[in-house]
Amino acid sequence: MIPRTATGSALRTLTRATTQNTKPLPRTYLQVQSQLRHYSSSSSNPPSATGVFYKTFTRPVAKCLLTALFVYQVVYWGWSKLEVDEIKEERKAEITKLEAQVRALQLQREKEKEKEAEAEGAAATAALSTGASSDSQKKKGWGWW
41 MIPRTATGSA
51 LRTLTRATTQ
61 NTKPLPRTYL
71 QVQSQLRHYS
81 SSSSNPPSAT
91 GVFYKTFTRP
101 VAKCLLTALF
111 VYQVVYWGWS
121 KLEVDEIKEE
131 RKAEITKLEA
141 QVRALQLQRE
151 KEKEKEAEAE
161 GAAATAALST
171 GASSDSQKKK
181 GWGWW
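Mapping of the sequence shown onto my numbering: position 36 corresponds to residue 76, and the numbering continues sequentially without gaps.
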């Protein structure tokens with residue numbers, strides 16, 4: 041015991057003040073978790089097999105599913121890109137083929153026009169040499185006069 045002196049009485053008041061004002065020490069995380077687990081579930085019921093299965097395999101199954109969806113989308117995009125490229129090439133080939141046909145037909149038409157012009161020119165010279173008037177040499181005017 042502390043003697044009854046001035047120093048002793050000061051020490052007694054100091055120890056009383058510190059013991060009355062102290063707060064309890066905080067609990068550790070593990071103590072809190074063990075208490076929560078103790079109160080939240082009863083120890084008499086073991087976890088169900090279904091719950092354990094889903095708890096164990098939900099993440100791996102979800103990862104596999106998402107990976108499969110991603111791979112499917114990439115392959116689908118690639119396939120459609122290749123298909124579009126193929127269609128474009130086919131259309132370009134068809135366009136060039138049709139342009140070549142158009143050029144050939146235009147050349148054929150020009151040759152036919154030249155032949156017709158030569159035939160008309162020959163007919164006109166033959167008509168002039170015989171003295172007959174052609175339809176192209178009619179009077180130009182407003183009426184019959």
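The beta carbon of each residue, even a glycine, is placed where N, CA and C say it ideally should be.
When the Cα atoms are used, S88 and A108 turn out to be separated by approximately 30 Å. If you ignore the 5 residues before and after E129, its C-beta comes within less than 7 Å of no other C-beta in its own chain. The three-state reading of DSSP puts P86 in coil, since its state is none of H, G, I, E or B.
Distance from the CA atom of I135 to the CA atom of S120, rounded to whole angstroms, is 22 Å.
DSSP, reduced to helix, strand and coil, places W117 within a helical segment of the structure shown. It is roughly 22 Å from the alpha-carbon of R149 to the alpha-carbon of A164. Between the alpha carbons of C104 and F97 lies a distance of about 11 Å.
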